[in-house]
Each structure stands twice: as C-alpha cells, then as structure tokens.
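Novice:
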Amino acid sequence: MKISTKGRYALRMMLDLSVYGKDSFVALKDIAERQKISKKYLEQIVPLLNKSGALRTNRGYQGGYMLAKSPEEYTVGDILRITEGSLAPVSCLDSDINVCDRSASCITLPLWKGLYKAVNDYLDSVTLQDLLDNYDKLSVDEYYI
5 MKISTKGRYA LRMMLDLSVY GKDSFVALKD IAERQKISKK YLEQIVPLLN KSGALRTNRG
65 YQGGYMLAKS PEEYTVGDIL RITEGSLAPV SCLDSDINVC DRSASCITLP LWKGLYKAVN
125 DYLDSVTLQD LLDNYDKLSV DEYYI
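Quick note: the sequence shown uses the working numbering, first residue 5, plus one each step.
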C-alpha cells in the first residue's frame, strides 16, 4: 500500500484549514502558497472532500473553505479513504465481501487481513488535532545548558 500525492496533499490541506480556517473561510490560493502545492492540484482534491461533507464552502468575496467539523472529529483514516478509496493491501479485501475464489483456502489471507486491520486501526486512531498537538510539542524551543 502506498499513499498517493492526492492523499498526502488532502491531509496537508485539512491540517492547514485546521490552523487557518478556525473563524473564517480560507482561499485555496492561500493554502496552495503555504503548503507549496499547486492550486490546480488542490482544485482536484476539493470536490472529493466537499462531496464527503468534510468541508464547508463559501463563494464570492471572502469565499473559500473551512472544516465542516472540529479537527478532533477527523481521523487520518477518514481523510485518506476519501481520497484513496480503500486502504486494503490486496485487492481481495477491497470490498466487504471477498469474491476471490481462493479465499476459503488462501494461506496468506489472514496475513493480509491482519495488516489491513492494523493499518486501519492506526490511521483511525490519529486525528487532525493529534497531528497538530504533536507538531506543537516538536516546535517548542528547547534550551539546553
């Protein structure tokens, strides 16, 4: 499993909105500048996030985007599934019902199921707020004598 640029940029956009869009809508060009991501690329990601209900939008003067919920209500797993689709490590786990004709006798299926569960459990345990809190801890100036 490899997270695409779309997934990584969506996560960065949502984090940017967590910081700069608390009280007002944020223009896409401002997010693009701060995150050093092409505005055109962000324009491809916004419809996915918007359709899922993750964003609030406002058109016109002082328009832009803001989170529909607070940062602690978004998990990294939710955001990545919006942009990446399934996070399954093998195609036979992409849907709820395994349609592979070998699934009943597949010796490796438990391995893939375990990996899938571990990935989902971890990504669903980390929120946008957790990432922000962790960053705040890392960016505190520490003085050693």
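Just so it is clear, CB atoms sit at the ideal spot from N, CA and C, and this is done for glycine as well. In this text, all values refer to a predicted model and were calculated from it rather than measured experimentally.
Starting from the N-terminal side, write out each stretch of the alpha helix (DSSP H) that is 4 residues or longer and does not extend beyond the segment 70-104.
Specialist: Counting only runs of 4 or more, we get 80-88.
Novice: On the three-pair Cβ rule with 8 Å, is the segment 47-54 touching the segment 6-23?
Specialist: Counting Cβ pairs under 8 Å, three or more are found: they touch.
Novice: Quick one: using the 10 Å Cβ neighbour count with 16 as the cut-off for buried, is D100 buried or exposed?
Specialist: Translated into the one-based positions of the sequence shown, residue 100 becomes position 96. When all chains shown are included, D100 counts as exposed.
Novice: Tell me which same chain residues have a C-beta within less than 6 Å of the C-beta of S90, skipping the five on either side of it?
Specialist: Start at 1 with the first residue of the sequence shown, and residue 90 comes out as number 86. Taken in chain order, the residues that qualify are D98.
Novice: Just list the residues that DSSP pairs R60 with in beta bridges.
Specialist: Walking along the sequence shown from the start, residue 60 turns up at place 56. Paired residues: M70.
Novice: Can you say whether V30 is buried or exposed, counting buried as having 16 or more other CB atoms within 10 angstroms of its CB?
Specialist: Indexing the sequence shown from 1 puts residue 30 at position 26. Classification for V30: buried.
Novice: What is the rounded straight-line gap between the Cα of E88 and the Cα of S8?
Specialist: Translated into the one-based positions of the sequence shown, residue 88 becomes position 84. Translated into the one-based positions of the sequence shown, residue 8 becomes position 4. So the alpha carbons of these two residues sit roughly 7 Å apart.
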